[in-house]
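Just below is one structure, and these are the notes that go with it.
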Amino acid sequence: MIKIKNLSYEYKANLNPVLLDINLSIEEGEYLVLIGANGSGKTTLIRHLNALLLPSSGDVEIDGLNSKEVKNHIEIRRKVGMVFQNPENQIVGMSVEEDVAFGPGNLKLPSSEVRRRVKQALEMVGLSGFEKRVPYTLSGGEKQLLALAGLLSMEPGYIILDEATSSLDPVGKEKVLAILDELKNQGIAIIHVTHNMEEALRADRVLLMGSGQIIADGAARDILMNREQLKALGLAPPMIVELMTRLKPYYKNEKSILTIDEAVNEILNLLQNNDGKDRDYSFREAESYA
Amino acid sequence: MPEFGQYLDNESSVHSCDPRVKLLAVLAFSIVILRLDATGLILTTAIVFTFSWLAKIGIVNLVKSTRPVWPFFVMLFFIYVLFTPGTSILPSSFGPFMISKEGLYLGVYQLGKFLLLILTASLLTMTTSPSELTIGVERLLRPLQILGISSHNIALMVSMAIRFIPTLQREMNNIRDAQSARGANFRAGSLIGKIRSIICIATPLTISILRRSDELVEAMEARGYQPGQRTYLRELEFTRKDYLSLGVILLLIAFICCLS
Numbered sequence: 010m011i012k013i014k015n016l017s018y019e020y021k022a023n024l025n026p027v028l029l030d031i032n033l034s035i036e037e038g039e040y041l042v043l044i045g046a047n048g049s050g051k052t053t054l055i056r057h058l059n060a061l062l063l064p065s066s067g068d069v070e071i072d073g074l075n076s077k078e079v080k081n082h083i084e085i086r087r088k089v090g091m092v093f094q095n096p097e098n099q100i101v102g103m104s105v106e107e108d109v110a111f112g113p114g115n116l117k118l119p120s121s122e123v124r125r126r127v128k129q130a131l132e133m134v135g136l137s138g139f140e141k142r143v144p145y146t147l148s149g150g151e152k153q154l155l156a157l158a159g160l161l162s163m164e165p166g167y168i169i170l171d172e173a174t175s176s177l178d179p180v181g182k183e184k185v186l187a188i189l190d191e192l193k194n195q196g197i198a199i200i201h202v203t204h205n206m207e208e209a210l211r212a213d214r215v216l217l218m219g220s221g222q223i224i225a226d227g228a229a230r231d232i233l234m235n236r237e238q239l240k241a242l243g244l245a246p247p248m249i250v251e252l253m254t255r256l257k258p259y260y261k262n263e264k265s266i267l268t269i270d271e272a273v274n275e276i277l278n279l280l281q282n283n284d285g286k287d288r289d290y291s292f293r294e295a296e297s298y299a
Numbered sequence: 011m012p013e014f015g016q017y018l019d020n021e022s023s024v025h026s027c028d029p030r031v032k033l034l035a036v037l038a039f040s041i042v043i044l045r046l047d048a049t050g051l052i053l054t055t056a057i058v059f060t061f062s063w064l065a066k067i068g069i070v071n072l073v074k075s076t077r078p079v080w081p082f083f084v085m086l087f088f089i090y091v092l093f094t095p096g097t098s099i100l101p102s103s104f105g106p107f108m109i110s111k112e113g114l115y116l117g118v119y120q121l122g123k124f125l126l127l128i129l130t131a132s133l134l135t136m137t138t139s140p141s142e143l144t145i146g147v148e149r150l151l152r153p154l155q156i157l158g159i160s161s162h163n164i165a166l167m168v169s170m171a172i173r174f175i176p177t178l179q180r181e182m183n184n185i186r187d188a189q190s191a192r193g194a195n196f197r198a199g200s201l202i203g204k205i206r207s208i209i210c211i212a213t214p215l216t217i218s219i220l221r222r223s224d225e226l227v228e229a230m231e232a233r234g235y236q237p238g239q240r241t242y243l244r245e246l247e248f249t250r251k252d253y254l255s256l257g258v259i260l261l262l263i264a265f266i267c268c269l270s
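Same order as they appear, the protein sequences are chains X and A. Read left to right, the first sequence gives residues 10 to 299 (my numbering). Read left to right, the second sequence gives residues 11 to 270 (my numbering).
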């Protein structure tokens, strides 16, 4: 379990803190999405989980290991893997297998164990057969899968993705997200920073950040349906939420509609229940996007 | 046709040889080549060609792979031919220049030496993958740890330098295209104009390299990197075949030295 107690952080003394009194715990196997506008402190927060940043005050504990103690850093980094936004800048090896072997090599594991882990990690992300390929020749999506394999070879308990899907095409993105779902099923906690609200829908839990603080922490449905709160923090609500809010005057269902499937069902119902009378489907000005 | 020094993934006894043996052999041959006479050069060329045949590269491919350095060789040859004093082979000289018998001999001899050095290095890189080379260098430099120099760090620096060449090449092309799209002309113009154009590329490229290094260091730290000791995907082990290869190479070198 990751426990954050009263975490505050400032990049330079006497400057405004970037994180302010954060308290948070993340369980094993949880799929958590972190959303917030640029400068809200998301990246600063997740860098504390991997001991890349150390708290100015407060504590960050990963499975009981306090990040303030330097001797814990290697173990913390083994437990908490991190994929960054740009895959190109996190590939170290001259070949795919060498890059995946970089992490286990840092853990000083014997070569036979390094090879076993490389094989397993490449299988998990679907890059078997790519062992000898030069990373430069991979597509953007494949590079991000390689970065993910590099973490998996360290057998982490937690994986952090810092906007790691933002530069991928839809196919590459879907592949990465499907692997994350699979990893979650295997009991690995996923902490995913994203601006994409549709991606946030996959999470068990969503954290909404603003001005270095956690503004809301709850189920994806509760957080993402709150259009006013999202807009106040400079975020666009999910397209489905926006669409169904604008259609609200024309259907009676009170339940919240968040997914494409739910929206399709509701729209089909709406069309089937049409009694033949002329309806005014034109949207009122006030309902349009702000 | 293979490019200069490009690794060719063939299955051969030369390819499967321990990279340390190949590195040591190239080092030894390079030292010897610089001290050889014409007979020794011919003999060593024959040995290098035999190894290229054993490596299934082919003599023609090996020689062709050195094409990028041919202009330099031609220049070198003419410098020796035109500037070496001696018996002129032509009835008249061309101002301060003279084509002498000694110049021609020296030109061919020095050219042979340099070409052989390049052929040997090319054969090494054509039969050894960059990662094998890095591991080989790392193992050979391990004794330097007594002096506090980490061979692991050197190997990592070498491998990352190689790894980032295509990335930076692409980055440079992107910057050049972006500057061209905004009206920069990198082909025409005066010398000062061309220098200015280079600065136009060098400045953003340097900034980009620094930014990339920052991100790379962070990614490496996140994957548990600490300078010093680490383990690898494959550990090199000297087999009986490698000892035998090293012995044969040493014998060949001794033989060449005796004849030369």
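Ideal Cβ placement from N, Cα and C applies to all residues, glycine included.
Which residues DSSP lists as bridging residue i, in chain order
i	result
X:V215	X:V42 and X:G227
X:E70	X:K12 and X:N75
X:I168	X:G90 and X:I199
A:S75	Per DSSP, none; premise fails for A:S75.
X:S175	Paired residues: none, contrary to the question.
X:Q222	X:G219
A:S98	A:S110
Contact with chain A by residue i, beta-carbon distance below 7 Å
i	result
X:E105	Looking at the sequence shown, residue 105 of chain X is not Glu but Val. Output row for X:V105: interface = no.
X:N115	yes
X:I199	no
X:L118	yes
X:F139	no
X:M91	yes
X:N98	yes
X:G112	yes
X:A295	Any reading at X:A295 must be qualified, since the residue scores a pLDDT of 46, below 50, and its modelled position is unreliable; no value is offered.
X:I83	yes
X:Y18	no
X:V185	no
Extent of the continuous beta strand (DSSP E) run through residue i
i	result
X:V89	V89 to V92
X:A187	No beta strand (DSSP E) contains X:A187, which is instead part of the alpha helix (DSSP H) from P179 to N194.
X:I31	L28 to I35
X:N15	I11 to Y18
Bounding residues of the alpha helix (DSSP H) (the contiguous stretch that carries residue i)
i	result
A:S218	L201 to A232
X:V202	Segment A198 to V202 is the beta strand (DSSP E) holding X:V202; no alpha helix (DSSP H) there.
X:K51	K51 to L58
A:D187	S161 to A191
X:R4	Nothing about residue 4 of chain X can be read from this structure; chain X reaches only from 10 to 299.
X:M234	That residue, X:M234, is in no alpha helix (DSSP H); it is neither H nor E in DSSP.
X:M253	M248 to L256
A:S40	P29 to I43
A:G146	P140 to L151
A:P81	W80 to F93
A:I270	Correcting the residue identity first, residue 270 of chain A is Ser in this sequence and not Ile. Note, A:S270: premise wrong, no alpha helix (DSSP H); not H, not E.
X:P64	It is not in any alpha helix (DSSP H) - X:P64 carries neither H nor E in the DSSP assignment.
Min CB distance residue i to chain X below 7 Å
i	result
A:G146	no
A:S161	no
A:P237	no
A:S141	yes
A:T138	no
A:Y242	yes
A:A131	no
A:I8	Look at the range of chain A in this structure, 11 to 270, and you will see that residue 8 of chain A is not part of it.
A:A171	no
A:A229	yes
A:G117	no
Residue i: CB within 6 Å of a non-hydrogen atom of the ligand NAP
i	result
A:D19	This structure does not include the ligand NAP; it has no bound ligands of any sort.
Quiz prompt | Inter-stretch contact at 8 Å, needing at least 3 Cβ pairs: the region 128–145 of chain X / the region 239–259 of chain A | solution = no
Quiz item: Would you call the region 160–174 of chain A and the region 233–242 of chain A touching, i.e. three or more CB-CB distances under 8 Å?
Solution: The region 233–242 of chain A and the region 160–174 of chain A touch, with three or more beta-carbon pairs separated by less than 8 Å.
Quiz item: Do the region 73–91 of chain X and the region 54–65 of chain X touch if we need at least three Cβ pairs shorter than 8 Å?
Solution: These segments touch.
Exercise. Check whether the region 187–199 of chain A touches the region 216–228 of chain A, taking contact to mean three or more Cβ pairs, one atom from each stretch, closer than 8 Å.
Key: no
Quiz item: Taking contact to mean at least 3 C-beta pairs separated by less than 8 Å, is the region 167–183 of chain A in contact with the region 37–49 of chain A?
Solution: no
Exercise. Evaluate contact between the region 88–99 of chain X and the region 145–159 of chain X, counting only Cβ atoms and requiring at least three cross-stretch pairs below 8 Å.
Key: Touching, yes, given that three or more Cβ pairs across the two stretches are closer than 8 Å.
Quiz item: Just checking, does the region 199–218 of chain X make contact with the region 25–42 of chain X on the three C-beta pairs under 8 Å criterion?
Solution: yes
Practice problem: Starting from the N-terminal side, write out each stretch of the alpha helix (DSSP H) that is 4 residues or longer and does not extend beyond the region 135–168 of chain X. | Solution: Here the runs fully enclosed are 149–161.
Quiz item: Do the region 222–233 of chain A and the region 81–92 of chain X meet, that is, are 3 or more Cβ pairs less than 8 Å apart?
Solution: yes
Quiz item: Are the region 64–76 of chain A and the region 133–140 of chain A touching, with three or more C-beta to C-beta distances below 8 Å?
Solution: yes
Quiz item: Are the region 112–119 of chain A and the region 84–101 of chain A touching, with three or more C-beta to C-beta distances below 8 Å?
Solution: With the cut-off at 8 Å, the region 112–119 of chain A and the region 84–101 of chain A touch.
Quiz item: Per the contact definition of three or more C-beta pairs closer than 8 Å, is the region 117–135 of chain A in contact with the region 80–92 of chain A?
Solution: Yes, the region 80–92 of chain A touches the region 117–135 of chain A.
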